[in-house]
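Residue numbers for the sequence shown follow our numbering, so the first one is 6 and each next one is one higher.
Backbone N, C-alpha and C define an ideal beta-carbon position, used for all residues, glycine too.
Nothing here was measured: the structure is a model prediction, and the numbers come from that model.
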Amino acid sequence: MRALSRRLAAVADLVPPGARVADIGSDHALLPAWLVSSGKSPFAVAGEVRDGPLKASAARIEADGLQDVVSVRKGDGLAVVAPGEVDCVVIAGMGGALIASILDAGEAAGKLHGVRTLVLQPNVGEDIVRRWLLDHGWHLASERIVEEDGRWYEILEARSLKDADRLNAALYDPSFLGLDRPAERLEALLIRMGPWLLRHPDDCLFGKWLSELDKLESVCRQIERSDSPEAAKKLRDLREEIELIGEVLACLQAVSS
Ligand code: SAM
């Protein structure tokens with residue numbers, strides 16, 4: 006059994022034991038191969054839209070002798086699964102907007118019927134995924150952040166629950182931050198930074214956001230070269246954002262030290 010990278014190991018960790026899994030955008034089918042070989046999943050679908058990765062997936066599954074328990078399928082997003090065929094859908098290693106569009110299309114086609122858990126790992130645009138989950142009645146049950154090769158990856162576990170809206174309302178209540186800002190502004194911040202990640206801050210969270218602050222400062226320096234009114238407005242917004250993120254980090258640092 007091949008070892009998974011730290012990022013994929015964190016994704017695998019959030020898959021419920023015993024779940025039949027669809028890994029959408031599976032590339033080399035590393036994750037489904039590991040899930041069934043380790044005994045965590047009885048069956049997995051490796052979905053891929055491109056021929057090259059599809060061939061790589063099929064070759065790996067054959068080499069590992071897993072053809073009976075991992076089905077390699079070509080198709081766009083959730084088109085590769087039948088409604089009710091899997092309990093858990095994993096979508097990892099793509100942008101948040103693409104993940105949300107795959108979920109939109111899958112939901113419209115009834116492919117999320119019977120799915121109890123979504124494990125989503127956007128490379129960017131995590132806020133788009135959290136917003137999608139909120140808007141579609143999925144409860145954000147847990148979040149992880151891991152560092153690999155100098156990059157930070159967030160992994161979101163969502164559950165299909167009857168009282169998702171009530172649980173999400175409590176989860177996205179920003180009062181625990183103790184910051185005096187409009188509620189919508191703070192809710193947007195939780196969607197951006199992750200409500201579980203902010204409640205359990207660790208070195209990875211600080212590492213990611215200190216790096217993001219550096220990037221935002223560098224955007225500010227570029228904008229400062231322009232003297233258009235739009236640039237001035239953009240600069241004000243960015244400065245406000247930097248200040249707020251800085252305040253959140255300072256308050257989390259104080260609580261966790
Ligand atoms: N999931 C693996 C991981 O996390 O290591 C592979 C990530 S790889 C960067 C993204 C993969 O998603 C590529 O192999 C790409 O072909 C596939 N992909 C992109 N859009 C897709 C779609 N709409 N349906 C299925 N696969 C897709």
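Near the ligand SAM: residue i beta-carbon under 6 Å from a heavy atom
i    : result
A64  : no
V1   : Because the chain is modelled from 6 through 262, residue 1 falls outside the range shown and cannot be assessed.
P127 : no
P58  : yes
D18  : no
G101 : no
G82  : yes
A97  : yes
G30  : yes
Distance CB(residue i)-CB(residue j) smaller than 7 Å
i    : j    : result
V129 : V86  : no
G82  : G111 : yes
E222 : L19  : no
V293 : G101 : In the structure as shown, the chain begins at 6 and stops at 262. Residue 293 is therefore absent and cannot be evaluated.
L166 : H144 : yes
C225 : L254 : no
I247 : A236 : no
D41  : L71  : Just to set this straight, residue 41 is Val in the shown sequence, not Asp. Their beta carbons are under 7 Å apart, which means V41 touches L71 by this criterion.
R25  : V91  : yes
A34  : R65  : yes
A15  : R149 : yes
L210 : L202 : yes
G115 : P88  : yes
D132 : R186 : no
A175 : R164 : no
7 Å Cβ shell around residue i - same chain, five flanking residues per side excluded
i    : result
G183 : C256
I107 : I29, G82, L83, I96
D170 : G142
E252 : L184
L195 : Y177, P179, L203
S10  : E153
Where residue i sits in the DSSP three-state scheme
i    : result
S147 : strand
S231 : coil
M99  : strand
P127 : strand
D178 : coil
D28  : strand
V253 : helix
R121 : coil
G52  : strand
Residue i, enclosing beta strand (DSSP E) - first and last residue
i    : result
R204 : Where R204 is concerned, there is no enclosing beta strand (DSSP E), although the alpha helix (DSSP H) it sits in stretches over 200–204.
K79  : 75–79
R186 : First-last for R186: undefined, no H or E at that position.
V86  : It is not in any beta strand (DSSP E) - V86 carries neither H nor E in the DSSP assignment.
L161 : 156–164
Same chain, Cβ closer than 6 Å to residue i, neighbours up to 5 away in sequence not counted
i    : result
V94  : A27, V120, L123
A63  : V77
L172 : H144
P58  : D32
Limits of the unbroken alpha helix (DSSP H) element including residue i
i    : result
E131 : 131–140
G57  : 56–68
V20  : Taken as a continuous stretch (DSSP letters only), V20 belongs to no alpha helix (DSSP H), as it is neither H nor E.
S10  : Where S10 is concerned, there is no enclosing alpha helix (DSSP H), given that its DSSP letter is neither H nor E.
A34  : Taken as a continuous stretch (DSSP letters only), A34 belongs to no alpha helix (DSSP H), as it is neither H nor E.
CB contact below 7 Å: residue i versus chain D
i    : result
I228 : Note that chain D does not occur in the displayed structure, where there is just one protein chain.
Residues of its chain near residue i, where Cβ-Cβ distance is below 8 Å and the 5 sequence neighbours each way are ignored
i    : result
A188 : P179
D109 : W137
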